[in-house]
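Engineer:
Numbering (our numbering), first residue to last: 61 to 262.
1) If we call anything under 8 Å between Cβ atoms a contact, is residue 131 one with residue 180?
2) Using a 10 Å radius around the Cβ and a threshold of 16 neighbouring Cβ atoms, would you call residue 211 buried or exposed?
3) Using the Cα positions of residue 214 and residue 122, report the straight-line distance between them to the nearest angstrom.
4) Distance check for residue 145 and residue 153, CA to CA, integer angstroms please.
5) Considering only their Cβ atoms, is the gap separating residue 193 from residue 136 smaller than 8 Å?
6) Which runs of the alpha helix (DSSP H) at least 4 residues long sit entirely within the stretch 117-158? Give them in chain order.
7) Pick helix, strand or coil for residue 57, following the three-state DSSP scheme.
8) Identify the continuous alpha helix (DSSP H) that holds residue 198 and give its terminal residues.
9) Could you say which of 155, 247, 256 and 162 lies nearest to residue 224 if we only look at CA atoms?
10) Alpha helix (DSSP H) containing residue 222: first to last residue?
11) Take the Cβ of residue 234 as the centre, count every other Cβ of all protein chains shown within 10 Å, and call the residue buried at 16 or more, exposed below.
12) Quick test of your reading: residue 201 and residue 140, contact by CB under 8 Å. State the CB separation rounded to the nearest angstrom.
13) Using 8 Å as the threshold, is the C-beta distance between residue 176 and residue 209 below it?
14) Answer with buried or exposed for residue 167, where buried requires no fewer than 16 other C-beta atoms within 10 angstroms of its C-beta.
15) Should residue 187 be labelled buried (16 or more other beta-carbon atoms within 10 Å of its own) or exposed?
16) Between the Cα of residue 147 and those of 163, 134, 203 and 165, spot the shortest distance and give me the residue it belongs to.
17) Taking all protein chains shown into account, decide if residue 7 is buried (16 or more other Cβ within 10 angstroms of its Cβ) or exposed.
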């Protein structure tokens with residue numbers, strides 16, 4: 061009797077050990093190249109871990125480029141308006157600068173969602189990763205400090221440029237969430253443009 065129990069216990073122990081071994085092998089098989097998780101179809105599932113950036117997925121190179129450019133373009137608007145508010149103390153610049161902060165944050169949320177590197181993550185006001193935007197910022201600040209009228213003209217130029225770039229970016233993406241953000245930014249730019257022109261900006 062004891063012999064039968066011993067055999068039974070041994071058999072159960074062997075079964076448990078075998079199941080654990082199979083589970084360990086299965087878990088290990090769930091990782092593909094470079095330790096990226098894979099589903100049953102072998103498709104990589106990018107999992108974020110502390111201190112790492114989630115790899116961009118599901119976006120074309122053009123979509124990534126547009127997101128990164130618009131992130132800094134909205135930051136440029138904020139930085140210029142903040143500077144011109146300090147120069148001329150005109151409420152319109154302060155009010156729209158706060159709106160532009162929301163705009164650049166909205167684009168940042170898309171960068172984070174899709175795991176795209178943020179070009180403005182560590183840049184101070186007035187500093188840009190994109191050389192073209194850096195040159196534009198420098199020129200607009202010089203122009204905007206010449207007079208109140210030219211400051212308003214700078215506002216008109218920025219908003220017209222934003223409108224053009226957003227209209228160009230919207231058709232290039234197939235992602236509904238990106239289109240929605242771009243459309244909201246576009247409407248905001250039209251509102252800002254109207255505000256500047258009402259004060260005499262051209």
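Ideal Cβ positions, reconstructed from N, Cα and C, are used throughout, including at glycine.
Structural biologist: In short:
1) yes
2) buried
3) Spanning the two alpha carbons is a distance of roughly 28 Å.
4) 5 Å
5) Going by C-beta atoms, residue 136 is nearer than 8 Å to residue 193.
6) Segments of the alpha helix (DSSP H) lying fully in the stretch 117-158: 121-148.
7) Absent from the model: residue 57. The displayed extent of the chain is 61 to 262, so no value can be given.
8) 191-204
9) 247
10) 208-229
11) Exposed, because fewer than 16 other Cβ atoms sit within 10 Å of the Cβ of residue 234.
12) 7 Å
13) Their beta carbons are not under 8 Å apart, which means residue 176 does not touch residue 209 by this criterion.
14) buried
15) Around the C-beta of residue 187, fewer than 16 other C-beta atoms lie within 10 Å, and the residue is accordingly described as exposed.
16) 203
17) Look at the range of the chain in this structure, 61 to 262, and you will see that residue 7 is not part of it.
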